[in-house]
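To start, the structure itself, in structure tokens.
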Amino acid sequence: MKQLPLPEVIIVLIEHAIASPFCTRQLADYGTWVIKIDHPEGGDFARNCEKKIIDNSHISFLSGKESQIYIF
33 MKQLPLPEVI
43 IVLIEHAIAS
53 PFCTRQLADY
63 GTWVIKIDHP
73 EGGDFARNCE
83 KKIIDNSHIS
93 FLSGKESQIY
103 IF
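Counting from 33, one number per residue, gives the positions in the sequence shown under this note's numbering.
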């Protein structure tokens, strides 16, 4: 099996919208452990957008990430 190029990298992030989730999805595909910090009241806004606006693209952008919710 081929080793991924970034297996020892860990990224902890607070992100939303499109650009940052897309980039961290690419890093996850290269073996990076990506931990996404979600807001305790609903998580990423893309999960709750109407289908007319964003459809199901959030599934693609959020895949490969571990999601955590922290209350401060």
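Each residue gets a CB set at the ideal place from its N, CA and C atoms; glycine is no exception.
* To do: Examine chain B for any beta-carbon lying closer than 9 Å to the beta-carbon of L38, and answer yes or no.
  => Here there is only one protein chain, and chain B is not present.
* Asked: Out of F54, A51 and D61, which has the shortest C-alpha to C-alpha gap to P22?
  -> This structure gives no information on residue 22, because the portion of the chain shown stretches from 33 to 104.
* Candidates E73, K34 and K68: closest to P53 by CA position -> Here residue 53 corresponds to residue number 21 of the sequence shown, with the count starting at 1. Closest option to P53, Cα to Cα, is K68.
* **Coil, strand or helix - L38 by DSSP** => Taking the first residue of the sequence shown as position 1, residue 38 is located at position 6. Coil at L38, not helix or strand.
* From what residue to what residue does the beta strand (DSSP E) around I67 run? -> Numbered from 1 along the sequence shown, position 35 holds the residue referred to as residue 67. First-last of the beta strand (DSSP E) with I67: W65 to D70.
* Asked: By Cβ distance below 8 Å, which residues in the same chain neighbour V41 in space, the five residues on each side in sequence not counted?
  -> For the purposes of this step, residue 41 is taken as residue 9 along the sequence shown, with counting starting at 1. The answer, listed in chain order, is L59, G63, T64 and W65.
* To do: Just the C-alpha distance for H71 and K34, rounded to the nearest angstrom, thanks.
  => By one-based count along the sequence shown, residue 71 stands at place 39. By one-based count along the sequence shown, residue 34 stands at place 2. The straight-line gap from Cα to Cα measures roughly 36 Å.
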